Ligand code: SF4
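Protein chains in written order, with the numbering used here: chain Z, 25 to 365; chain E, 128 to 496.
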């Protein structure tokens, strides 16, 4: 039985159910790396060039960890675009090449190219090419891919019921659901999934908010039509898939009566975040209290907890003052650029 | 309508000519200064990359001088540049400026679209006049680049480096003011000859390839004048990008003249096998080409956090090792100081000179003493 390694990082959080079903149906054993921890981060930092953003460093750490296992292949897709006329980030487009250049000995890479910016032709060919590594039957490959897509849909609809993608994947794999805590605040939380749902990168942002009795609203919980419709109200279409999702979600959340505040988790050194964060802040700050949290490998947990607590306290006081007025009792809404946690 | 645009190297000269040819009143932003930088930094998102901040400074200064229309380029990603104009417009509007922003965006580099957009700007002109304006601007651009390449060759070899630079600056100004194609050609020829005839040292010089992000390469104010510094340290610098190449490849789809773009892309294999936006792939491809041409070293420059260049940098390590060519990467932001940059360049040049057994430049000896 062949063994394929999948790093638990980056698009893992968006696509794992698809790839896992696809490979399993072809009789392949899947090995994922452990959730990000201190070692993953350290290894990633050693490998990456300094200026790389935190998520890519973490990814390299995961890859390095998998390279120590007995594997036939390592799955490092080149994600150029997952929908028409949109991109993820230039770094995703060079990922397999970056891995080859920075890590000396890797198992053979499965570097399938996902580029749906124009059409699906190349991608379909590439799926077959990948499947052929394990079986000769083209029909079996196609079926496996379709099955994968269904599982992904299933997992996403699970997530839409109030879970993070990471939790949804766990439940999808047979894990138990956690009991819902009592909540008195509704907070919209935005950020790239691979930062938000990676507990090391986000320093457990979502769970911490829940522990502070907040109900967390994520882009996955909002209907994609609503999100796209809101995102389409800006003069120029945002050509980053994740950026557009976040902008649309932010605009939607900022108009909802039941939402008390919005948090945007940005990564230090992230290109799209540096502009999308700015636009969101400008659009949202007159309607809702907003904070922009910027994290990098040096961020400490203590800092983030303090800021979250302060934010929640403010929201609760604001609510108790009676919120007929949209203005916070402190004049302008709380926002900040410089505070890097 | 008083039109302005952002600075990028000497591009302001052909742009002025182009807009004047379209019968528009032009207000070029004042040359980039400390003040430009300060304004730009003050009003831009903190984590935006340097070119956006300099753009902002340019726009504010131009509007202070009366400009009411800004012409800016756009794009469709994946690099941030495609969204610059949107963010810039938001911020400038909030600052209370009353202006129109014209964003030139050619989907899929279709020249016809672009011409239409240009035409819309100069409503008063006929198609023929528009065509003439483009031709004249292109002529100026080509003349300037000839001068630049000559300076790159002569500066490291010259006995009197100040003199070289003076000829160059004078020629630039004359091209800027020239009213006809004949005049441009005359100025260029005379200045080129004058540079060639100036006394040279006979010594062999280092050859360094300058690769990286386009704005940082073209705009000396964004890179602490890397190319001039290197010339003064006796290194002959060849850039991977000239404006004309970019205009030809990206706006005119290789229509104006033969392009070596394909060749560069080919050279990037097997190191980087896909487009990564911006000039990331060109950076890797050009590095390979320079190495094959026996250049002594490569310097990659880019704004801090530039995504495509970070991909390229991650890969250059391997290229450098396999093709045995020293590579150095320098990122620039508003905190980059000329002194620090100069020190790093000196150290790099010194290392290359030792490697090649060339005598150190007198400036270096002086610096070390
Ligand atoms: S989108 Fe941002 S965080 Fe993600 S890889 Fe690109 S620069 Fe890094």
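Using N, Cα and C, we set each Cβ at its ideal position, and we do this for glycine too.
Treat the numbers as computed from the prediction; the structure is a model and nothing was measured.
query	result
Coil, strand or helix - residue 104(Z) by DSSP	strand
Length of the line joining the Cα atoms of residue 146(E) and residue 396(E)	40 Å
Interface flag, residue 363(Z) vs chain E, CB-CB below 7 Å	Only weak support exists for where residue 363(Z) lies, its pLDDT of 44 falling under 50; the value from the coordinates is given anyway. No, because no Cβ of chain E sits closer than 7 Å to the Cβ of residue 363(Z).
Residue 296(Z) CB to nearest heavy atom of the ligand SF4 below 6 Å	yes
Contained beta strand (DSSP E) runs [length at least 3] in the stretch 299-350 of chain E, N- to C-terminal order	333-339
CB of residue 276(Z) within 7 Å of CB of residue 250(Z), strictly	yes
Members of the stretch 441-464 of chain E near chain Z, C-beta cut-off 7 Å	441, 442, 444, 445, 458
Distance between beta carbons of residue 313(Z) and residue 179(Z), contact taken as under 8 Å	Actually they are not in contact, since the Cβ atoms of residue 179(Z) and residue 313(Z) sit about 32 Å apart, beyond 8 Å.
Within-7 Å CB hit, residue 218(Z) to chain E	no
Check: residue 115(Z) C-beta below 6 Å from any heavy atom of the ligand SF4	yes
With 16 other Cβ atoms within 10 Å as the buried cut-off, status of residue 324(Z)	exposed
Residue from 192(E), 232(E), 452(E) with nearest C-alpha to residue 203(E)	232(E)
C-beta neighbour in chain Z for residue 178(E), strict 7 Å	no
Partner residues on chain Z for residue 200(E), Cβ-Cβ distance less than 7 Å	Neighbours of residue 200(E) on chain Z: none; closest Cβ ~13 Å, over 7 Å.
Sequence-distant residues of the same chain with beta carbon closer than 8 Å to residue 349(Z), five excluded per side	Confidence in residue 349(Z) is poor, its pLDDT being 48 and thus under 50, which makes the residue's placement unreliable; the coordinate value appears in the next sentence. Excluding residues within five positions, none has a Cβ falling inside 8 Å.
Identified DSSP bridge partners for residue 27(Z)	53(Z)
Beta-carbon spacing of residue 134(Z), residue 150(Z) below 7 Å	no
Residue 435(E) beta carbon near the ligand SF4 (any heavy atom closer than 6 Å)	no
Contacting residues, own chain, Cβ-Cβ under 6 Å from residue 60(Z) (five flanking each side not counted)	82, 222, 224
Touch test, the stretch 422-429 of chain E against the stretch 330-339 of chain E, Cβ-Cβ under 8 Å, three pairs minimum	yes
Nearest residue (CA-CA) to residue 509(E), options 404(E), 440(E), 446(E), 401(E)	Outside the modelled stretch of chain E, which goes from 128 to 496, sits residue 509(E), for which no answer is possible.
Reference residue 156(Z), options 270(Z), 52(Z), 106(Z), 30(Z), closest by Cα	52(Z)
Which of helix, strand or coil DSSP assigns to residue 484(E)	coil
As assigned by DSSP and simplified to three states, the class of residue 244(E)	helix
Residue 440(E) in three-state terms, based on DSSP	helix
Span separating the alpha-carbon of residue 477(E) from that of residue 422(E)	15 Å
Cβ-Cβ distance between residue 172(Z) and residue 335(Z) below 7 Å	no
Under 7 Å between C-beta atoms of residue 240(Z) and residue 211(Z)	yes
Interface partners of residue 175(E) on chain Z, CB under 7 Å	298, 299
Simplified DSSP state of residue 148(E), which is helix, strand or coil	helix
For residue 192(E), the three-state DSSP class (helix, strand or coil)	coil
Neighbour list for residue 210(E) in chain Z, Cβ cutoff strictly below 9 Å	260, 262, 263, 264, 267, 296, 299, 300, 303
Nonlocal neighbours in the same chain, by C-beta distance under 6 Å from residue 144(E), ignoring five residues either side	263, 264, 267
Helix, strand or coil at residue 366(E) according to DSSP, with G and I counted as helix	strand
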